[in-house]
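Quick note, the sequence shown lines up with residues 378 to 592 if you use the working numbering.
By construction, the Cβ of each residue, glycine as well, lies at the ideal position given by its N, Cα and C atoms.
On a predicted model such as this, the values are computed, not experimentally measured, just so you know.
Here's the structure, in structure tokens; my notes come after.
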Amino acid sequence: MAPAAFVLLLVVIDPFGLTPMFSALTAGKGPDERRRTAVKAVAIAAAVLALFVFTGSLLFDYLGIGLPAFRIAGGALLFLIAVDMLFVRHSGLTSTTLRERSEAARRDDVAVFPLAIPLIAGPGALTTVMLLTRGQSLGEMLLVLILAMGVLGITLGMFLAAAWVERLLGETGINVITRLLGILLAALAVQFVLDGLRESLPGLVGGFAADSPSR
């Protein structure tokens, strides 16, 4: 489970795609302020993801939402995010809306909004941690949390080295990486949907859905 879960979290959070957004949002700030913004944003995102790791299942149990239904819905959402990544386009799923960007431009501190939420701990990341922990033991939840913290560590490193990363890869290089990650995410999203359908309608898709790390 661990390698596949780490890859899924890395693909969904997408530190490479977030780095140019961080640079744009912190343009005009000094190195120390950019560093404080990066650390604060990642710390807040970590707290939000940790909250969803341990309370996501309780929320869905309270609402009466079963695991198969959540896998289908979550897989569909992740597939939409994958499409955005493949075409390198920004929607409310993978970026901020025009109104959100306008509000952010009027803020001195962009660490909480829009960096931590919704860019780092956005719909895709929150859905993913709940998909990975739904119905799992405490030990597996802790493992997912550790993996998520590892991805956030990479994100922080990318933010701190944003200028260097952009010079090294350029916009084209970052877009190529984003598209490759989008292909991986699309495949994983389809597998989540197949797993959900197999559990809901075993006679219909049982012969087509292969075993996956999401189970």
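The beta carbons of Met526 and Ala423 sit about 6 Å from each other, so the pair counts as a contact at 8 Å.
DSSP places Val487 outside both helix and strand once states are collapsed to three, so it counts as coil.
Separation of Ile390 and Val465 (C-alpha to C-alpha, rounded to the nearest whole angstrom) is 15 Å. Between the beta-carbon of Ala488 and that of Ala418 there is about 4 Å, and that keeps the pair under the 8 Å contact cut. In the structure shown, Asp391 adopts coil according to DSSP, grouped into three states. When rounded, the separation of the alpha-carbon atoms in Leu545 and Ile551 is 10 Å. Beta-carbon to beta-carbon, Val570 and Leu387 are separated by about 21 Å, too far to satisfy the 8 Å threshold. Leaving aside the five residues that flank Phe447 on each side, the residues in its chain whose CB is nearer than 8 Å to its CB run, in chain order, Phe437, Met507, Leu508, Arg511, Gly573. Around the beta carbon of Leu515, fewer than 16 other beta carbons lie within 10 angstroms, which makes this residue exposed. Secondary structure at Arg511: coil, using DSSP grouped into helix, strand and coil. Where Val465 is concerned, there is no enclosing alpha helix (DSSP H), because DSSP gives it neither an H nor an E.
From the listed residues Asp461, Asp409, Ser434, Ala420, the smallest Cα separation to Gly394 is found for Asp461. Using a 10 angstroms sphere on the CB of Thr403, the tally of other CB atoms reaches 16 or more, which defines it as buried. By alpha-carbon distance to Val567, the top candidate from Gly451, Arg412, Ile442 is Gly451. Gly433 sits in a helix when the DSSP states are folded into three classes. If only complete runs of 4 or more residues are kept, the segment 512-585 shows the alpha helix (DSSP H) at 515-537, 539-577, 579-582, in order along the chain. Excluding five sequence positions before and after Met518, the CB atoms of its chain that fall closer than 8 Å to its own CB belong to Val430, Phe431, Thr510, given in chain order.
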